[in-house]
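Worksheet: the structure to be examined is printed underneath.
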Amino acid sequence: MDEEDHSDFVGAESSCDGEGRPLTDDPRRREAREHSAQRAIVAEECVDDFSELLGREALHLEERELTELPEALGDFELLATLHLAGNRLVRLPSSLCRLGSLRTLSLADNRLEGLPENFGRGFPALETLDLHNNHSWSSRAASGCSQR
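Here full-length UniProt numbering is used: the first residue of the sequence shown is 1, the next is one more, and so on.
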């Protein structure tokens, strides 16, 4: 999008910052819009064809109303960050436990009823795990796994 074209933003002409510049010219807002657009593109690509994304180190699939994930997700050997918060996931593919490089995993605000049996042993590099606001599951399923 051309930086001078603000026609896609309702009220862009009347919304100004303290220096009289339209808020859409604010570099932080522009960066947020670009990040949001990139997230949408990644989400579409991932749902349609994971094979083209295998070299990615991060996937942002928040709030995409995903109900399931393909087993191919476990093939993302370089994946360090996976954000899946705010979807409709009930279960996770067992292949997720093959993501040995994963450092951040966000699964908050889904409908998870459990975790794959080997979940707690599958992430040697995991630093951050967010499981809040999901259905409860048995302690056996989550054994060896700590929330941070």
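Using N, Cα and C, we set each Cβ at its ideal position, and we do this for glycine too.
My output table needs one value for residue i: the three-state DSSP class, helix, strand or coil.
| i | result |
| --- | --- |
| A58 | strand |
| E65 | coil |
| F119 | helix |
| G74 | helix |
| R88 | coil |
| L99 | coil |
| L112 | coil |
| N134 | coil |
With which residues is residue i paired in a DSSP beta bridge?
| i | result |
| --- | --- |
| T128 | T104 |
| L82 | L59, L105 |
Grab me the residues of residue i's own chain with a C-beta within less than 8 Å of its C-beta, minus the 5 sequence neighbours each way, in chain order.
| i | result |
| --- | --- |
| D2 | Annotation note: pLDDT 41 at D2 (below 50); position unreliable, coordinate value reported separately. If we look at D2 and ignore the five residues flanking it on each side, it has no Cβ neighbours. |
| R103 | A80, T81, A125, L126, E127, T128 |
| E63 | A85, G86, N87 |
| R111 | R88, L89, V90, N134, H135 |
| T67 | N87, R88, L89, V90 |
| G100 | E77, G122, F123, P124, A125 |
Among the residues of its own chain, which have a CB less than 7 Å from the CB of residue i, if the five just before and after it don't count?
| i | result |
| --- | --- |
| L54 | D75, F76 |
Below 6 Å CB to CB, which residues in the same chain sit around residue i once its five sequence neighbours on both sides are set aside?
| i | result |
| --- | --- |
| A58 | T81 |
| V83 | Note that residue 83 is His in the sequence shown here, rather than Val. The residues are H60, E62, S106. |
| D109 | A85, G86, N133 |
So is residue i in contact with chain C if we call contact Cβ pairs under 9 Å?
| i | result |
| --- | --- |
| H132 | In summary, chain C is missing from the structure at hand, where a single protein chain is found. |
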